[in-house]
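Residues 1 to 445, numbered by our numbering, are exactly what the sequence shown covers, in order.
We treat Cβ as the ideally placed atom computed from N, Cα and C, and that holds for glycine.
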Amino acid sequence: VLTNTPPRLSQSQPGGFQGIALMEPVLAKASRKLGVDQVAIHRINAPVGKAPIGPPDAKGKRLYVTSAYVQEALDRGVEQFQWEKRKAQPKRSGTKVRGIGVATSCFVGGSIGFDGLFVIKPDGKVYIQSGIGNLGTASVSDTHRVTAEILGVPWEKCEITWGSTAKNLPWSCPSGGSQTTHAHTRAAYAVALDGVDKLKQIAAKDLGGKSDDYVVANERVFRKGGGAGMSLAQAAKRAVELGGIYDGHELPTGINPMTVASAKALAGQGLLAVARDTMPRDGQTHSYVAGFAEVEVDLETGKYRILDYLGVADVGTIIHPRALGGQILGRSMLGIGHAIGQKWVYDQHYGLPLAKRFHHNKPPTILDAPENMQWAALDIPDPETPIGARGIGEPPVGAGCMAIINALSDALGDEVFRRAPVTADVILASLEAGKPATEGLTAHI
1 VLTNTPPRLS QSQPGGFQGI ALMEPVLAKA SRKLGVDQVA IHRINAPVGK APIGPPDAKG
61 KRLYVTSAYV QEALDRGVEQ FQWEKRKAQP KRSGTKVRGI GVATSCFVGG SIGFDGLFVI
121 KPDGKVYIQS GIGNLGTASV SDTHRVTAEI LGVPWEKCEI TWGSTAKNLP WSCPSGGSQT
181 THAHTRAAYA VALDGVDKLK QIAAKDLGGK SDDYVVANER VFRKGGGAGM SLAQAAKRAV
241 ELGGIYDGHE LPTGINPMTV ASAKALAGQG LLAVARDTMP RDGQTHSYVA GFAEVEVDLE
301 TGKYRILDYL GVADVGTIIH PRALGGQILG RSMLGIGHAI GQKWVYDQHY GLPLAKRFHH
361 NKPPTILDAP ENMQWAALDI PDPETPIGAR GIGEPPVGAG CMAIINALSD ALGDEVFRRA
421 PVTADVILAS LEAGKPATEG LTAHI
């Protein structure tokens, strides 16, 4: 039967969130039915190392991830959240009952094959072209710190150009799908190596010897052991004089046509470095978050408070701690919004949407946030990317939502409800009926 009702789609973590929202209640219920600790059953089912992912292909082979340290994330959460201490505390106090929950979430953590582009000008500064869309996560600039570190240039002497393809930007990944950190730390690494190679070649031409005799550090290129050298400003001026591959009038093959056009527009301004990420990757890049939550439910009113929340991320090397923490907690709040109130409601007769205003479908505000929110990250590098960093944007969503749902189930029992969102009327109706009073295993995502 075809209708005009549009399908449900995720705001974030498409596909992954729906699967997590349906599997997590089953896993949490299994832990209680089997008498196994919630964390323990999640640990048993957690991916480890180069874990297989997805269905087998026609030859019976399955894809696998580059790395997974979910068990370590769960262990960190148990310690920081004081899981055992909370579990040992009495649940009931008068009309209030508490529950704790844990959930794990996974999503794609990065892509490969994009370009990097920068120019070292005769003023000694590095002018980095960033094609990353700026969504406020700071990745538009943070990923390029890789270039600055490899060149040995202070961040204060780097200028970032971004925001419009008219500004001669390189081919970059879309700002979605948790791709950016992984994709562009790789691209920044690749183009930095190109810049270092050209600096060493210029030094060898002018000062003698082989390019391998030179190193790049502290805004200079010089012979190993502290011999003769030149500043990056001098090398940039020399690149313009040499022309060809050094100032961008000759470009390598394999870079995207958009990058070619941008590099041609920048040619002749200094030492131009341009490269595509062609480094190998064994496996599919995914990131993970383990969420821990404690809730308190008033059995007389059905209202509940989210007392504590902790998100522990397995996302490889930490690039920017503050930005990472903001992503873990902010995106967890997006998931919490799905847990506490966001849903679809359609008129069964006319097929018209009813939950179309904030009054009926309230997004979370600061008043809905857990009273105490914390985050942690393992900071274990991913072995299949040179910087070791993966993306973070989407994995926290499923963890935030389902840690709350599992905590409510722990407080009220599996037979009261097993769906999202959970509102006060759902809790009261189910408690009075002694069984789920709404639809079964459902996620309005």
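Per the DSSP calculation, Lys-96 is bridged to which residue(s)?
Locating residue 96 in the sequence shown gives position 96, where the first residue counts as 1. Paired residue(s): Ser-93, Asp-298.
Closest by CA to Gly-16, which one among Gly-351, Lys-356, Val-289?
For the purposes of this step, residue 16 is identified with residue 16 of the sequence shown, where counting begins at 1. Among Gly-351, Lys-356, Val-289, the Cα nearest to that of Gly-16 is on Val-289.
If you follow the alpha helix (DSSP H) that Gln-82 is in, where does it begin and where does it stop?
Reading the sequence shown from its first residue, position 82 is the one you call residue 82. First-last for Gln-82: undefined, no H or E at that position.
Ser-67 to Asp-142 span [Cα, whole Å]:
Here residue 67 corresponds to residue number 67 of the sequence shown, with the count starting at 1. Here residue 142 corresponds to residue number 142 of the sequence shown, with the count starting at 1. Ser-67 and Asp-142: Cα-Cα distance of roughly 23 Å.
DSSP beta-bridge partners of Phe-118
For the purposes of this step, residue 118 is identified with residue 118 of the sequence shown, where counting begins at 1. For Phe-118, which the question treats as bridged, DSSP gives the partners Ile-128, Ala-273.
Tell me, which residues are paired with Ile-306 by DSSP?
Sequence index remark: in the sequence shown, residue 306 carries index 306 (1-based). DSSP lists Val-295 as partners of Ile-306.
Rounded to the nearest angstrom, what separates Ala-369 and Gln-71 at their Cα positions?
Reading the sequence shown from its first residue, position 369 is the one you call residue 369. Reading the sequence shown from its first residue, position 71 is the one you call residue 71. If you take the alpha carbons of Ala-369 and Gln-71, they lie about 27 Å apart.
Let's test the definition: count the other Cβ atoms within 10 Å of the Cβ of Glu-241 and tell me whether it reaches 16, buried, or not, exposed.
What you label residue 241 is simply residue 241 of the sequence shown in a count that begins at 1. Glu-241 is exposed by the Cβ-count criterion.
With 16 as the cutoff for other CB atoms within 10 Å, does Thr-278 come out buried or exposed?
As a first step, residue 278 is located in the sequence shown; it is residue number 278 there, counting from the start. Burial call: exposed.
For Trp-162, name the three-state secondary structure that DSSP assigns.
Position 162 of the sequence shown, counting from 1, holds the residue named residue 162. It is coil, neither helix nor strand.
Considering only residues of the same chain and omitting the five flanking positions on each side of Ile-427, which have a CB-CB separation below 6 Å?
Walking along the sequence shown from the start, residue 427 turns up at place 427. Answer for Ile-427: Gly-302, listed in chain order.
Within the same chain, show all residues whose beta-carbon is closer than 6 Å to that of Tyr-309, passing over the 5 residues directly before and after it, in chain order.
For the purposes of this step, residue 309 is taken as the residue at position 309 of the sequence shown. Within the same chain, Tyr-309 has close Cβ partners Ala-293, Pro-370, Met-373.
Using 10 angstroms around the beta-carbon of Arg-92, count the other beta-carbons present and answer buried if the total reaches 16, otherwise exposed.
Here residue 92 corresponds to residue number 92 of the sequence shown, with the count starting at 1. It counts as exposed.
Out of curiosity, what's the CA-to-CA distance linking Ile-150 and Gln-18?
Start at 1 with the first residue of the sequence shown, and residue 150 comes out as number 150. Start at 1 with the first residue of the sequence shown, and residue 18 comes out as number 18. Taking the straight line joining both Cα atoms gives about 41 Å.
Where does Tyr-350 sit, in a helix, a strand or coil, going by DSSP?
Position 350 of the sequence shown, counting from 1, holds the residue named residue 350. Reduced to three states, the DSSP call for Tyr-350 is coil.
Among the residues of its own chain, which have a CB less than 7 Å from the CB of Gln-129, if the five just before and after it don't count?
Residue 129 sits at position 129 when you count from the first residue of the sequence shown. For Gln-129, where only same-chain residues beyond five positions count, the Cβ hits under 7 Å are Leu-117, Phe-118, Thr-161, Asn-168, Leu-169, Pro-170, Ser-262.
Please name the residue, chosen from Lys-435, Ala-21, Arg-238, that lies closest to Asp-247 on a Cα-to-Cα basis.
Here residue 247 is taken as the residue at index 247 of the sequence shown, counted from 1. The residue with the shortest Cα to Cα distance from Asp-247 is Arg-238.
So the candidates are Leu-412, Leu-408, Ala-403; which of them puts its Cα closest to the Cα of Ala-103?
What you label residue 103 is simply residue 103 of the sequence shown in a count that begins at 1. The shortest C-alpha separation from Ala-103 is found at Ala-403.
Cβ of Gly-116 less than 7 Å from any chain B Cβ?
Absence of chain B from the displayed structure is noted, only one protein chain being present.
Buried/exposed call for Thr-385, threshold 16 Cβ in 10 Å
If you number the sequence shown from 1, residue 385 lands on position 385. Thr-385 comes out buried.
In its own chain, which residues sit with a C-beta less than 8 Å from the C-beta of Gly-244, not counting the 5 before and 5 after it?
What you label residue 244 is simply residue 244 of the sequence shown in a count that begins at 1. So the qualifying residues of the chain are Glu-250.
Taking the straight line between their C-alpha atoms, what separation do you get for Gly-113 and Thr-180?
Position 113 of the sequence shown, counted from the first residue, corresponds to residue 113. Position 180 of the sequence shown, counted from the first residue, corresponds to residue 180. Taking the straight line joining both Cα atoms gives about 12 Å.
Same chain only: Cβ atoms within 7 Å of Glu-219, ignoring 5 sequence neighbours per side:
For the purposes of this step, residue 219 is taken as residue 219 along the sequence shown, with counting starting at 1. If we look at Glu-219 and ignore the five residues flanking it on each side, its Cβ neighbours are Gly-124, Gly-152, Val-153, Ser-231, Leu-232.
Quick check: what's the CA-CA separation for Gly-35 versus Ala-183?
Working through the sequence shown from its first residue, we reach residue 35 at position 35. Working through the sequence shown from its first residue, we reach residue 183 at position 183. One C-alpha to the other measures close to 43 Å.
Are Thr-317 and Gly-109 touching if we call contact CB-CB under 7 Å?
In the sequence shown, residue 317 corresponds to position 317, counting from 1. In the sequence shown, residue 109 corresponds to position 109, counting from 1. No; because the gap between Cβ atoms is not below 7 Å, this pair is not in contact.
In the DSSP assignment, find the unbroken beta strand (DSSP E) run with Val-216 in it and report its ends.
In the sequence shown, counting from the first residue as 1, residue 216 sits at position 216. Run containing Val-216: 214-217, per the beta strand (DSSP E) assignment.
Mind pulling the alpha helix (DSSP H) runs of 4 or more residues that sit fully within the region 180-255?
180-207, 232-242
Going by the DSSP bridge assignment, what does Leu-63 pair with across the sheet?
Residue numbering aside, residue 63 sits at position 63 when the sequence shown is read from its first letter. DSSP, once it has assigned bridges, lists Ile-53 as partnering Leu-63.
Where do the N-terminal and C-terminal ends of the alpha helix (DSSP H) with Asn-372 fall, by residue?
To locate residue 372, count along the sequence shown from 1; it is residue 372. That residue, Asn-372, is in no alpha helix (DSSP H); its beta strand (DSSP E) goes 372-377.
Cβ neighbour criterion (16 or more within 10 Å) applied to Trp-83:
Looking up residue 83 in the sequence shown gives position 83. Buried is the call here.
Cutting at 6 Å between CB atoms, please list the residues of its own chain near Gln-348, excluding the five before and the five after it.
Locating residue 348 in the sequence shown gives position 348, where the first residue counts as 1. Contacts found: none.
If the criterion is Cβ atoms closer than 7 Å, does the pair Ser-12 and Glu-394 meet it?
As a working mapping, residue 12 is identified with position 12 in the sequence shown. As a working mapping, residue 394 is identified with position 394 in the sequence shown. It is a contact, given that the beta carbons lie within the stated cut-off.
For Ile-319 and Gly-391, I'd like the C-alpha separation in whole angstroms.
By 1-based counting over the sequence shown, the position of residue 319 is 319. By 1-based counting over the sequence shown, the position of residue 391 is 391. Distance between the alpha carbons of Ile-319 and Gly-391 is about 10 Å.
Sort out for me which residues DSSP pairs Asp-142 with in a bridge.
The residue given as residue 142 occupies position 142 in the sequence shown. Answer is none; Asp-142 lacks a bridge partner.
Per DSSP, what are the beta-bridge partners of Val-312 in this structure?
In the sequence shown, counting from the first residue as 1, residue 312 sits at position 312. The partner list for Val-312 (beta bridge, DSSP) reads Ala-290, Ala-376.
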